[in-house]
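Presented below is the structure to which this report refers.
2 protein chains.
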Amino acid sequence: MSALAELKNYIGEMVELQAAAAIAHWDARTYMPERGVETRARVTGRLARLAFERLVSPKFGELLAQAEKELESASEAERAMVRMGKRDHERARAIPPDFYQKFVELCTKAESVWEKAKAEANFSLFKPYLSEIVDMVREMAGMIGYKEHPYDALLEEYEPGMTTRRAAEILGNLREKLVPFVKELQERGTPPPPIPEGKYRIASQKALCREALQAIGYDFSAGRLDDSAHPFTIGLGPGDTRVTNRYNEAEPFSALFGALHEGGHALYDQGVPPELYWMGLAGGASYGIHESQSRFWENQIGRSLAFWGFFKPKMSRRFRVFARMKPEEIFRMVNKVEPSLIRVEADEVTYNLHICLRFELEVGLIEGKLKVEELPERWNAAMKDYLGVMPPDDAKGVLQDVHWSGGSFGYFPSYALGNLYAAQFMEALRQDLPDLWSRVEAGDFRPILSWLREKIHRFGHMYFPEELCEKVTGAKLSPEPFLRYIREKYSTVYRI
Amino acid sequence: MSALAELKNYIGEMVELQAAAAIAHWDARTYMPERGVETRARVTGRLARLAFERLVSPKFGELLAQAEKELESASEAERAMVRMGKRDHERARAIPPDFYQKFVELCTKAESVWEKAKAEANFSLFKPYLSEIVDMVREMAGMIGYKEHPYDALLEEYEPGMTTRRAAEILGNLREKLVPFVKELQERGTPPPPIPEGKYRIASQKALCREALQAIGYDFSAGRLDDSAHPFTIGLGPGDTRVTNRYNEAEPFSALFGALHEGGHALYDQGVPPELYWMGLAGGASYGIHESQSRFWENQIGRSLAFWGFFKPKMSRRFRVFARMKPEEIFRMVNKVEPSLIRVEADEVTYNLHICLRFELEVGLIEGKLKVEELPERWNAAMKDYLGVMPPDDAKGVLQDVHWSGGSFGYFPSYALGNLYAAQFMEALRQDLPDLWSRVEAGDFRPILSWLREKIHRFGHMYFPEELCEKVTGAKLSPEPFLRYIREKYSTVYRI
Numbered sequence: 007m008s009a010l011a012e013l014k015n016y017i018g019e020m021v022e023l024q025a026a027a028a029i030a031h032w033d034a035r036t037y038m039p040e041r042g043v044e045t046r047a048r049v050t051g052r053l054a055r056l057a058f059e060r061l062v063s064p065k066f067g068e069l070l071a072q073a074e075k076e077l078e079s080a081s082e083a084e085r086a087m088v089r090m091g092k093r094d095h096e097r098a099r100a101i102p103p104d105f106y107q108k109f110v111e112l113c114t115k116a117e118s119v120w121e122k123a124k125a126e127a128n129f130s131l132f133k134p135y136l137s138e139i140v141d142m143v144r145e146m147a148g149m150i151g152y153k154e155h156p157y158d159a160l161l162e163e164y165e166p167g168m169t170t171r172r173a174a175e176i177l178g179n180l181r182e183k184l185v186p187f188v189k190e191l192q193e194r195g196t197p198p199p200p201i202p203e204g205k206y207r208i209a210s211q212k213a214l215c216r217e218a219l220q221a222i223g224y225d226f227s228a229g230r231l232d233d234s235a236h237p238f239t240i241g242l243g244p245g246d247t248r249v250t251n252r253y254n255e256a257e258p259f260s261a262l263f264g265a266l267h268e269g270g271h272a273l274y275d276q277g278v279p280p281e282l283y284w285m286g287l288a289g290g291a292s293y294g295i296h297e298s299q300s301r302f303w304e305n306q307i308g309r310s311l312a313f314w315g316f317f318k319p320k321m322s323r324r325f326r327v328f329a330r331m332k333p334e335e336i337f338r339m340v341n342k343v344e345p346s347l348i349r350v351e352a353d354e355v356t357y358n359l360h361i362c363l364r365f366e367l368e369v370g371l372i373e374g375k376l377k378v379e380e381l382p383e384r385w386n387a388a389m390k391d392y393l394g395v396m397p398p399d400d401a402k403g404v405l406q407d408v409h410w411s412g413g414s415f416g417y418f419p420s421y422a423l424g425n426l427y428a429a430q431f432m433e434a435l436r437q438d439l440p441d442l443w444s445r446v447e448a449g450d451f452r453p454i455l456s457w458l459r460e461k462i463h464r465f466g467h468m469y470f471p472e473e474l475c476e477k478v479t480g481a482k483l484s485p486e487p488f489l490r491y492i493r494e495k496y497s498t499v500y501r502i
Numbered sequence: 007m008s009a010l011a012e013l014k015n016y017i018g019e020m021v022e023l024q025a026a027a028a029i030a031h032w033d034a035r036t037y038m039p040e041r042g043v044e045t046r047a048r049v050t051g052r053l054a055r056l057a058f059e060r061l062v063s064p065k066f067g068e069l070l071a072q073a074e075k076e077l078e079s080a081s082e083a084e085r086a087m088v089r090m091g092k093r094d095h096e097r098a099r100a101i102p103p104d105f106y107q108k109f110v111e112l113c114t115k116a117e118s119v120w121e122k123a124k125a126e127a128n129f130s131l132f133k134p135y136l137s138e139i140v141d142m143v144r145e146m147a148g149m150i151g152y153k154e155h156p157y158d159a160l161l162e163e164y165e166p167g168m169t170t171r172r173a174a175e176i177l178g179n180l181r182e183k184l185v186p187f188v189k190e191l192q193e194r195g196t197p198p199p200p201i202p203e204g205k206y207r208i209a210s211q212k213a214l215c216r217e218a219l220q221a222i223g224y225d226f227s228a229g230r231l232d233d234s235a236h237p238f239t240i241g242l243g244p245g246d247t248r249v250t251n252r253y254n255e256a257e258p259f260s261a262l263f264g265a266l267h268e269g270g271h272a273l274y275d276q277g278v279p280p281e282l283y284w285m286g287l288a289g290g291a292s293y294g295i296h297e298s299q300s301r302f303w304e305n306q307i308g309r310s311l312a313f314w315g316f317f318k319p320k321m322s323r324r325f326r327v328f329a330r331m332k333p334e335e336i337f338r339m340v341n342k343v344e345p346s347l348i349r350v351e352a353d354e355v356t357y358n359l360h361i362c363l364r365f366e367l368e369v370g371l372i373e374g375k376l377k378v379e380e381l382p383e384r385w386n387a388a389m390k391d392y393l394g395v396m397p398p399d400d401a402k403g404v405l406q407d408v409h410w411s412g413g414s415f416g417y418f419p420s421y422a423l424g425n426l427y428a429a430q431f432m433e434a435l436r437q438d439l440p441d442l443w444s445r446v447e448a449g450d451f452r453p454i455l456s457w458l459r460e461k462i463h464r465f466g467h468m469y470f471p472e473e474l475c476e477k478v479t480g481a482k483l484s485p486e487p488f489l490r491y492i493r494e495k496y497s498t499v500y501r502i
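Chains as they are written, first to last, in my numbering: chain A, 7 to 502; chain B, 7 to 502.
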């Protein structure tokens, strides 16, 4: 057997273990009975450990080294398999297992303390844990290594190739333009009409979500839509990509856009060729690129005027209150901009400002220039500066997100990068598909999905995000397409 | 670390892999999308292989040998862990991996051929595959080894300690008494009234199944009830034992008794102490003992007059047609005896005759005295002798069960043994709980479940079935309690 074939088998086994863990994870979030928690922790712990042992094993290193010698005659996918495998192997080996074990235990503890602290709006409870987490994360950054900035080592996990310097430039630029634009909308714009108050039957909302998913091309014969406390998408392997959603009886749009968001992730997953999956090359180019796909369908498409030309009749059939409205009215209604305290509830214009704030604080913490005890004050000051709102307490401020308690530093930027990639991809798509909006209005999403499949999905995790971005758009990532999109769209919505 | 502790860890890891496989299996039978089949096969194949590698590994043998030296100071559970571990290790090692692989492939092929053969009622399609399976099973019996009869080696898999001689004696005795009793019922008895024709809403049937499961003590916080093509019970580990069911709109009883049947398996599983689970000692004493628990709740309890005193009002609330009936009427209705062609649809009196037939044919095949080509004729002749009915074709005859196509020889007897154990346990329970029937009539099943927990469930897989039977009832397994039960009950039902 060639070294490449042997490596493929080896990676395939790791992927099979990850798929088994994914089944267990999906079940734990959807159907598992409450008393199954402890058993499930043992089972998923074992699967994670077996996969991790294989990832850090010297045998994997040897197989990678052997396979590298065969790269000349290898396919592009095989070369990517070796490159990504090596990257993951080396990153995982950089952290000593005992240190990592200690970190996981600390985070497990910290997450439950964070929950309590958030419930009681008491940052001081969480503070000692967060301090310890920040210390360990800084140490890990050193172990992983970096060229310029310790935060680079963390960004690399979620957005390979991204640097702190470049992220600061992109996000700083974005912030400078967005803050005055939000003010302008508020001061000079005509706000959209409010969503009609009412009781929106959940069964009807679910039916609408299914219709929307079906329309954009989500394959229900290779997936499912279930309920969960927090919506998510999970790939259990080729032919099985599932989404979940939650529903609010007081308004029908958050579930619908949630479905389109998860649907975007799911279309990406369903579009990765099976052979790449078993080579460890599913999962998308990066967190940011994955998020670009969810934001593309949720915002670029789902919150467009053309989409509501298509979807309004479906909506009216389930909820009569929309029957008397024009598509334009709904389009404006679902694009309300309002500076607010909570990231996950933010509109697409102010959303990125929540990310800029978190990015700047994270960088400060990892550099050591910002102390954990200064966080609440700095958080609130930035909220005032960027969004003009002031959290009444830390539960609605610095304690709102789970990420830090789980040790996930470097993750937040992907959300904003996803928005930027989505806008940049959309500009490229509009070049290639001039009748885009009339297609959307007709509910014909096939050419859009084909374009995404052809340009992005079929490569899975083969490329780094910057490489992919250049392949798709001919340019490096830039905030300009997003800013153009925002200015154009919201000038219409706010009639400026 | 002591050798026992090391062994416990080793077995714990195998059990964790089995639990992961169980989650994947449950999902495949309930919620998996159709296109997920291929991926799932890879994932479950990997989990099975990882568990099997550990089972046959020389390292396991060494750990068992080391642990055996520490048995003096070991607990009873630890001694059972070593005994059962050694048994499973040795049985698994007896078959060379290549041979086993070939057998699994043959069975996979044979199952799909069997499906086709059954659909077309064409035994000749299936014949060459069954011949090959029988040849390989006979070879495996030799590899595993036996004292007296090659079929002993197969029985041992499902009913450890059971021999062909003893099974022949028990089942032969049973057949001799049952055949004339069925005739007597038909000739001299007054048949029960038929189940009223109608459309029984499936949502109401499900609600009734939930009520029944809740009543007998199934813990829904540690389990679920879902739909599947064939009802089953599956343990995913402590705190998570799930049942599934199917529903027939034309009559409400098969789903209800299906739920009680699976509920009986599930109560057993929920009653095994968690620490035994992680030692590889869940799963029950044997297939026969497990079946005794399902048959106990389905037939001994669920088809009793007292149960219908309790359950009739619940039934009437959902289905008005039963409101005008007395409990006795329903009791008679659900205990109709009717010789029929299909095992899985048979009543509890004739059911065992279907098993006697299969047992005798299996023994003949494994001895080599019966040829595969003679099977259909021998099947039909035995059906005529034992049940007085004649299959119109092989689909309703020799092709009806999946077991042989899957290579499961030695499995069928467990069904009948389960019925016998159930009756024998019931006699012991009635000794200890004289007011049993008034409890049942009052819907107070707690003392029954406590008794089963105390006498059977809490031991999990610690004992061989014969040992357990003697512990519980003070006697070896005998067909007499079952025959007494049948005679008494059906004399009432048929007013003889």
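The beta carbon of each residue, even a glycine, is placed where N, CA and C say it ideally should be.
Since I believe residue j is in contact with residue i (beta carbons under 8 Å), could you give me their beta-carbon distance rounded to a whole number of angstroms?
| i | j | result |
| --- | --- | --- |
| B:I150 | B:R97 | 6 Å |
| A:N425 | A:R301 | 5 Å |
| B:F418 | B:E383 | Incorrect: roughly 19 Å between the Cβ atoms, too far for contact. |
Count the other CB atoms, across all protein chains shown, that sit within 10 Å of the CB of residue i; report buried if there are 16 or more and exposed otherwise.
| i | result |
| --- | --- |
| B:E460 | exposed |
| A:L77 | exposed |
| A:P103 | exposed |
| B:F309 | Correcting the residue type first, residue 309 of chain B is Arg in the shown sequence and not Phe. Flag for B:R309 reads buried. |
| A:G480 | exposed |
| A:N254 | exposed |
| B:N251 | buried |
| B:G286 | buried |
| A:T247 | buried |
| B:M20 | buried |
For residue i, name the three-state secondary structure that DSSP assigns.
| i | result |
| --- | --- |
| A:N251 | strand |
| B:T239 | strand |
| B:D225 | coil |
| A:L231 | strand |
| B:I201 | coil |
| B:T498 | helix |
| B:V343 | coil |
| B:V408 | coil |
| B:P102 | coil |
| B:T36 | helix |
| B:R364 | helix |
Would residue i and residue j qualify as a contact pair, given that the criterion is a beta-carbon distance under 9 Å?
| i | j | result |
| --- | --- | --- |
| A:L69 | A:L23 | no |
| A:E217 | A:L423 | no |
| A:I348 | A:K402 | yes |
| B:V140 | B:L371 | yes |
| B:L191 | B:Y500 | yes |
| A:D275 | B:D33 | no |
| B:L136 | B:F488 | no |
Taking 8 Å as the cut-off, is the beta-carbon of residue i closer than that to any non-hydrogen atom of the ligand PLP?
| i | result |
| --- | --- |
| A:R89 | The model depicted lacks the ligand PLP and carries no ligand whatsoever. |
Alpha helix (DSSP H) runs contained entirely in the segment 118-173 of chain A, provided each spans 4 or more residues: 129-150, 156-164
Contiguous alpha helix (DSSP H) assignments of at least 4 residues, all confined to the segment 433-469 of chain A: 442-447, 452-461
4 or more residues per run - each alpha helix (DSSP H) lying fully within the segment 473-497 of chain B: Not a single unbroken stretch of the alpha helix (DSSP H) spanning 4 or more residues falls wholly within the segment 473-497 of chain B.
Those runs of the alpha helix (DSSP H) which lie wholly inside the segment 40-72 of chain B and span at least 4 residues: 43-62
Inside the segment 270-353 of chain A only - beta strand (DSSP E) runs reaching at least 3 residues: none
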